[in-house]
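Structure, as structure tokens:
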Amino acid sequence: MFERILVTLDGSELAEHALPYAVELANACASEIFLVKVCQGEEINFSAACQAYLERRAEQLKGKVTEKVRIKTAVLSGRPAHEIAKCAAEINANLIVITSHGRSGIGSWLLGSTANEIIHSVRVPVLVIKLTESSPTFVKIKRFLVPLDGSERGEAILPYVEELAQKLSSEVILIRIVVQGKHVHTVGGLDFVYFKDKDLQRMKLEAQEYLNRVCARLKLQVIRPEVRIGEPHLEIIKYAEQHDCNLIAMSSHGHSCVEQWTYGSVTYKILHESTRPVLLLPLKMDFPKPQ
69 MFERILVTLD GSELAEHALP YAVELANACA SEIFLVKVCQ GEEINFSAAC
119 QAYLERRAEQ LKGKVTEKVR IKTAVLSGRP AHEIAKCAAE INANLIVITS
169 HGRSGIGSWL LGSTANEIIH SVRVPVLVIK LTESSPTFVK IKRFLVPLDG
219 SERGEAILPY VEELAQKLSS EVILIRIVVQ GKHVHTVGGL DFVYFKDKDL
269 QRMKLEAQEY LNRVCARLKL QVIRPEVRIG EPHLEIIKYA EQHDCNLIAM
319 SSHGHSCVEQ WTYGSVTYKI LHESTRPVLL LPLKMDFPKP Q
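Each residue of the sequence shown is one higher than the one before, counting from 69 in our numbering.
Below, the structure written as structure tokens:
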């Protein structure tokens with residue numbers, strides 16, 4: 069499923085934070101790693117220097133990967149997101165690994181413009197590495213956190229998690245959040261109405277039964293369900309931090325089966341506010357029904 073992993077670099081140390089994750093996944097899946105750099109503006113005149121940069125990084129990775137992992141490089145020119153999406157299609161990449169920011173640095177937005185545009189442009193899973201104060205030189209993905217909302221599209225992430233968890237011998241935690249109430253239109257405007265305790269307990273029980281059924285379907289040695297009550301993105305982020313989840317895996321489509329990539333969506337908030345890497349199935353992917 070992850071035979072070819074495309075890693076986007078721009079020459080900055082920030083973008084290189086993606087490399088340890090690419091190595092971890094490639095070693096587990098015996099993947100090819102494609103290191104790609106997109107030249108822009110005056111940089112196009114120095115494509116040889118860009119290629120030399122990629123070759124140096126490839127050489128460094130050779131001492132960290134197994135014999136089954138091959139490393140290739142490619143220098144592109146043009147608009148980064150467009151060229152990366154085009155390259156991913158041409159090489160039939162199964163995964164794109166990017167950092168949330170590159171050489172432009174971390175500004176007021178928690179997700180850089182190039183990363184944001186790539187997620188909107190590609191048709192393959194994207195692993196977004198969030199930048200923190202320290203950059204790990206070695207990564208071990210021991211625990212996946214998978215938010216589910218009960219929808220088939222939300223479950224589209226499961227085959228990817230199942231394969232990775234099997235090959236990495238990782239634990240998988242399926243989490244579903246029961247909201248405490250809903251917004252309703254009233255004479256005074258839009259109000260938030262809390263559910264009654266008996267209704268919350270019923271919804272919590274239904275959520276637990278649903279997760280139990282999903283756990284039973286997956287062929288994993290270590291998997292467990294968790295149900296929480298509260299604001300979905302806050303509970304998911306808090307759980308990931310408190311239980312040291314190494315990666316959050318989720319679909320960008322949710323229960324409504326329409327595009328959720330808007331301000332206020334659970335996916336958007338987790339991707340922007342969590343410090344954990346996020347494996348995301350982007351909007352343009354086809355979402356087959358789970359088996």
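Quick reminder that beta carbons are idealized off the backbone N, C-alpha and C, glycines included. Values in this document were obtained by computation on a predicted structure and should not be read as measured data.
Please name the residue or residues paired with residue i in a DSSP beta bridge.
i: Gly-257; result: Thr-254
i: Gly-249; result: Tyr-262
i: Leu-410; result: The requested residue 410 does not occur in the structure, where the chain is confined to residues 69 to 359.
i: Ser-319; result: Leu-349
i: Arg-124; result: Bridge partners of Arg-124: none, in fact.
i: Thr-76; result: Val-104
i: Val-165; result: Val-75 and Leu-195
i: Leu-242; result: Val-214 and Pro-293
i: Ile-139; result: Ile-101
Do residue i and residue j have their C-beta atoms within less than 9 Å of each other?
i: Gln-310; j: Val-295; result: no
i: Arg-292; j: Glu-223; result: no
i: Val-143; j: Leu-216; result: no
i: Ala-308; j: Leu-213; result: yes
i: Val-36; j: Ser-145; result: Missing from the structure shown is residue 36; the chain here goes from 69 to 359 and no further.
i: Leu-242; j: Leu-279; result: yes
i: Leu-122; j: Val-91; result: no
i: His-85; j: Pro-204; result: yes
i: Ile-159; j: Arg-72; result: yes
i: Gly-298; j: Val-229; result: no
i: Leu-74; j: Arg-125; result: no
i: Leu-226; j: Leu-268; result: no
Return the chain-ordered list of same chain residues with a C-beta closer than 7 Å to the C-beta of residue i, the five sequence neighbours on each side being excluded.
i: Val-404; result: Nothing about residue 404 can be reported from this structure: the residues present for the chain run from 69 to 359 only.
i: Phe-70; result: Leu-93, Cys-97, Ser-99, Asn-162 and Leu-163
i: Lys-210; result: Ser-238, Glu-239 and Asn-314
i: Tyr-89; result: Val-165, Leu-195, Ile-197, Val-207 and Pro-345
i: Ser-342; result: Lys-198, Ile-305, Ala-308 and Ile-316
i: Glu-185; result: Ala-149
i: Glu-110; result: none
i: Ile-187; result: Val-194, Leu-348 and Pro-350
i: Thr-200; result: Thr-343
i: Asp-312; result: Arg-211
Beta-carbon within less than 6 Å of residue i's beta-carbon, same chain only, minus the 5 sequence neighbours each way: which residues are those?
i: Ile-76; result: Here residue 76 is Thr; the residue named in the question, Ile, does not match the sequence. Excluding positions up to five away in sequence, the list reads Val-104, Ile-152 and Ile-166.
i: Ile-245; result: Arg-296, Pro-300 and Glu-303
i: Ser-189; result: Ala-149 and Ala-153
i: Arg-147; result: none
i: Ile-139; result: Ile-101, Ala-126 and Leu-129
i: Gly-173; result: The predicted model places Gly-173 with a pLDDT of 48, which falls under 50 and marks its position as unreliable; any figure quoted below should be read in that light. No residues qualify anywhere along the chain.
i: Leu-288; result: Ala-233 and Val-240
Can you find a C-beta in chain C that's less than 9 Å from the C-beta of residue i?
i: Phe-212; result: The structure shown contains no chain C; it holds only a single protein chain.
Near residue i, what residues of its chain come up, given a Cβ to Cβ distance below 8 Å and the 5 sequence neighbours on each side ignored?
i: Ile-338; result: Pro-215, His-301, Ile-304, Ile-305, Ile-316, Met-318 and Val-346
i: Ser-115; result: Cys-107, Val-143 and Ser-145
i: Lys-272; result: Val-246, Val-295 and Ile-297
If you measure from the CB of residue i, is any heavy atom of the ligand PLP nearer than 8 Å?
i: Ser-99; result: No copy of the ligand PLP occurs in the structure displayed, which carries no ligand at all.
> Is the segment 83-98 in contact with the segment 133-145, if contact means three or more CB pairs nearer than 8 Å?
Replying inline: The answer is yes - the segment 133-145 touches the segment 83-98, with three or more Cβ pairs under 8 Å.
> Hey, which unbroken runs of the beta strand (DSSP E) at 3 residues or more fall wholly within the segment 203-231?
Replying inline: 211-215
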